[in-house]
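Counting from 23, one number per residue, gives the positions in the sequence shown under my numbering.
One structure below.
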Amino acid sequence: MVSSLTGNEWLDATFGLPDNKDPLKFSRLVLLNSLYMLGFAIGPLIFGPLSEHLGRRPVLIGTYLGYMIFTLCCAVSPNFTALLIFRLFCGVAAAAPNAVVGPLFADIFDRPGPRGKATAYYMCATAMVPPLGPIISGYATRHSWRLTFWVGLGISGVFLPLVFCLPETYAPIIRKKYRVDPEVAEKQQPSLAQELKTIFARPFVMAAREPVVLFTSLYLALVYATLYLFFQAYPIIFQGVYQLSSGEVGLTFLPITAGSIVALGLFLGYSSYHSSAMKAGAAWANKIEYRRLPLACAGGPLWVVNLSNDLISSHAFRIIASLFWLGWTSYSDIHPAVASLSGLLFGAGYLVEFMALLNYITDAYRQYSASAQAASSTMRSITAVVLPLAAPSMYENLGIQWACSLLGFFTLVLACIPFVFIRYGEALRKRSPFCQKLSTAPGPVVSL
């Protein structure tokens with residue numbers, strides 16, 4: 023929630039930012055979120071592979087404490103430059119779960135069914151929170167922008183005891199802990215150079231050499247960046263067109279949260295259907311690609327609707343997909359609830375894609391999935407840094423309707439990726455050195 027800070031008025035008063043109509047001020051405010059997302063891009067490259075070296079527990083506990091410390095620093099920032107720096111480090115620390123939690127579930131659950139459900143519950147919870155951020159900050163900043171960070175710090179503190187209860191789950195670390203022969207431990211200890219290579223190079227290697235990692239990351243990057251673009255686009259749309267207050271703009275994100283709940287139901291429903299097919303002996307159900315990817319194939323078309331409504335017939339448009347729906351219903355003579363409800367389809371499609379594709383990566387790469395997830399998280403976080411920065415000029419030059427449509431067209435193109443993997447995914451995995459290593463002699467080290 024802290025990542026969607028929108029305390030414009032109080033930032034102006036405290037740090038002396040330019041006038042509200044000055045584009046420079048808008049860019050500086052967007053920079054707060056963009057630096058946070060830059061931290062999201064850096065963090066997984068460090069903490070994902072590091073969790074394969076030190077274990078999941080120390081990485082998750084250490085980064086959680088780091089996040090709380092830097093959130094506190096944001097709350098007491100003496101100037102805008104300090105706030106930007108602390109914001110960056112908040113993002114770095116907060117990024118650890120993106121790369122570690124999926125592999126942690128892979129450590130705990132051997133069977134894909136329970137693992138997928140655990141991941142789905144986790145992702146639903148995390149997807150529901152960001153859209154709530156603008157609601158809290160929209161009202162909290164009436165008192166002070168610092169209150170947003172204090173609220174975030176308080177929420178983090180409530181869950182801190184649970185974080186300390188996390189056990190270590192990574193098998194190589196557990197075995198190493200209970201190894202009694204120091205000579206054997208010394209012989210099996212890789213060189214420092216090999217350790218550094220494994221820790222820091224593997225995510226880049228997987229992104230460059232593994233088509234499954236590369237193209238799922240590209241697709242998720244666009245979807246993820248679109249969500250963070252909405253944090254800049256919704257004020258442009260709902261304040262600019264409908265003259266809503268900051269708090270009221272925050273409420274327009276609620277349909278995205280509701281869509282996340284719909285996505286969880288879709289995932290659990292398909293998982294139940296797949297389990298029944300496996301018990302019935304269906305040949306297709308034993309393939310990794312059919313375990314997750316049909317949901318990803320449905321995620322893109324899920325956004326596609328044909329909407330014929332008297333409210334918008336004057337614009338002679340049939341609205342296609344939530345992005346088109348949002349763009350082409352954003353007129354002053356149409357109730358803002360109509361545009362806001364497009365978030366229901368976006369939230370459902372967004373989370374279905376994440377549940378399906380990230381579970382697919384975990385199923386395919388198992389103990390190396392932390393590095394694969396790190397590569398994916400970094401790529402989408404970089405995109406989420408860049409795209410929101412383009413929001414002001416994109417919506418000004420193209421207009422609300424065509425700016426949203428442009429995103430919709432790109433999404434339609436990349437929505438073909440899950441279909442391609444259903445057809446060719448098995449062949450790609452057979453040629454993967456990581457998957458080959460897993461199928462022969464799984465171990466903590468693989469040649470890069």
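Glycine included, C-beta positions come from ideal geometry on N, C-alpha and C.
Just so we're clear, the structure is a prediction, and the values are computed from it rather than from any experiment.
| Item | Value |
| --- | --- |
| Whole runs of the alpha helix (DSSP H) within the stretch 111 to 177, excluding any shorter than 4 residues | 118 to 130, 134 to 150, 155 to 162 |
| Assigned exposure category for W306 - 16 Cβ within 10 Å defines buried | exposed |
| From W424, Y387, A394, residue whose alpha carbon lies closest to that of K452 | Y387 |
| Unbroken alpha helix (DSSP H) run spanning K452, endpoints | 439 to 452 |
| Rounded straight-line distance, which links the Cα of G88 to that of I342 | Bear in mind that the predicted position of I342 carries a pLDDT of just 38, short of 50, making it too unreliable to give a figure here. |
| Close-in-space but distant-in-sequence residues of the same chain around A406 (CB under 6 Å, 5 per side omitted) | M59, Y246, A247, Y250 |
| 8 Å Cβ cutoff met for P66 and A121 | yes |
| 8 Å Cβ cutoff met for F69 and A118 | yes |
| Helix, strand or coil at N101 according to DSSP, with G and I counted as helix | coil |
| DSSP three-state assignment for Y58, whether helix, strand or coil | helix |
| DSSP three-state assignment for H75, whether helix, strand or coil | helix |
| Under 8 Å between C-beta atoms of G447 and V227 | no |
| Segments assigned alpha helix (DSSP H), at least 4 residues, entirely inside the stretch 352 to 429 | 358 to 362, 364 to 387, 391 to 411 |
| Local conformation of V206 per DSSP, three classes | Reliability of the predicted coordinates at V206 is poor, the pLDDT of 48 falling under 50, and the value obtained from them is presented with this limitation in mind. The answer is helix: DSSP assigns V206 an H, G or I state. |
| Segment contact flag, the stretch 347 to 355 with the stretch 253 to 271, C-beta cutoff 8 Å, min 3 pairs | yes |
| Whether L373 touches A243 by CB criterion (8 Å) | no |
| Cβ-based neighbour list, M377, same chain, cut-off 6 Å, excluding 5 preceding and 5 following | A142, M145, F289 |
| For P189, the three-state DSSP class (helix, strand or coil) | coil |
| Continuous alpha helix (DSSP H) assignments of at least 4 residues falling wholly in the stretch 274 to 324 | 276 to 301, 310 to 324 |
| Alpha helix (DSSP H) segment containing P11, residue limits | Absent from the structure is residue 11, since the part of the chain shown begins at 23 and ends at 470. |
| Burial state of V114 (16 or more Cβ within 10 Å) | buried |
| Nearest to F456 (by Cα), restricted to the options C438, A413, P225, Y292 | P225 |
| For Q261, the three-state DSSP class (helix, strand or coil) | helix |
| Closest Cα partner of F252 within the set Q265, Y241, G272, L236 | G272 |
| Through-space distance from P125 to E74, alpha-carbon basis | 9 Å |
| At least 3 beta-carbon pairs within less than 8 Å: the stretch 358 to 367 vs the stretch 277 to 284 | yes |
| Option in I422, I439, I91, D129 with minimal Cα separation from C112 | I91 |
| CB contact flag (R137, A128, <8 Å) | yes |
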